[in-house]
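Novice: For reference, the structure I am asking about is given below.
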Amino acid sequence: EQQKKVLCDAVWLTENQDFTGAILIGNMGAGKTLLATTIGIEFLKKGKSCIYTTLFDIILDIKESWKKDSDSSEKGAIKFYSTQDLLIVDEIGVQRTTENELIYIAKIIDNRYNNLLPTILVGNVTQKEMSSMVGERAMRRIREKCKVLVFSWKQNPNNSESHHNGYVDTFKILQFRNRVSFGSLVCV
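Structural data, given as structure tokens:
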């Protein structure tokens, strides 16, 4: 039942690109990154910009601007991530964030929120853990009008050729576009 709900929400996200954000959390190997990048591909197909990155890489880009010989500025790095049509931030939970880093993340998410630009946060964490990694302020902004998709199923350890694990292949489901059905459940 949880997989069906996630897949219906996934179809909605790819079809309705005016969403303000999504949080994809749960078990490793459950298809969170696959779903997030599939949504990103749909944005690109419609001529919109999309950046897929990690929280760690955003922080590195900002810190890179602090070097004396850097061609970029802190403000420029923040602006870059703040102005893309879609920002996908993956691997939340892999790193520890400092209080100063949380300020930068909050600023980027706040800018995106104020400009009605969607942000997708992806991590092998709970909502509470994600809040501590990106900051409660940033999470409040995203949670206000976003979809939270919980990937609670386990990865199949016997399936070494792909990341799907007994759930319906998300990418194939999204190709149907207008109508997807799972037995008696229909996503329209």
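Count the sequence shown with the working numbering and you get residues 1373 to 1560, in order.
Beta carbons are placed, not taken as given, at the ideal position from N, Cα and C, and that holds for glycine.
Tell me the DSSP secondary structure of residue 1426 in three-state form.
Specialist: Strand.
Novice: Provide the residue(s) that pair with residue 1394 in DSSP beta bridges, ordered along the chain.
Specialist: Answer is 1492 and 1519.
Novice: Give the DSSP-derived three-state secondary structure of residue 1463 in the structure shown.
Specialist: If DSSP states are grouped into helix, strand and coil, residue 1463 belongs with the strands.
Novice: Quick one: what's got a C-beta closer than 6 Å to residue 1456's C-beta in the same chain, skipping five residues either side?
Specialist: Cβ within range, chain order: 1421 and 1423.
Novice: Since residue 1494 and residue 1462 are thought to touch, with beta carbons under 8 Å apart, how far apart are those beta carbons, to the nearest angstrom?
Specialist: 4 Å between Cβ atoms; contact.
Novice: When the Cβ atoms of the region 1466-1477 are set against those of the region 1379-1391, are three or more pairs found closer than 8 Å?
Specialist: The region 1466-1477, when compared against the region 1379-1391, does not touch it at the 8 Å Cβ threshold.
Novice: Using DSSP bridges, identify the partner residues of residue 1458.
Specialist: Looking at the DSSP assignment, residue 1458 forms a beta bridge with 1422.
Novice: Quick one: what's got a C-beta closer than 7 Å to residue 1473's C-beta in the same chain, skipping five residues either side?
Specialist: Counting only Cβ-Cβ distances below 7 Å, and skipping sequence neighbours, we find 1431.
Novice: Start and end of the alpha helix (DSSP H) containing residue 1387?
Specialist: Where residue 1387 is concerned, the enclosing alpha helix (DSSP H) stretches over 1374-1387.
Novice: Closer than 6 Å by C-beta to residue 1503: which residues in its own chain qualify, once you throw out the five before and the five after it? Chain order, please.
Specialist: Cβ within range, chain order: 1511.
Novice: What three-state label does DSSP hand residue 1408 in the structure shown?
Specialist: If DSSP states are grouped into helix, strand and coil, residue 1408 belongs with the helices.
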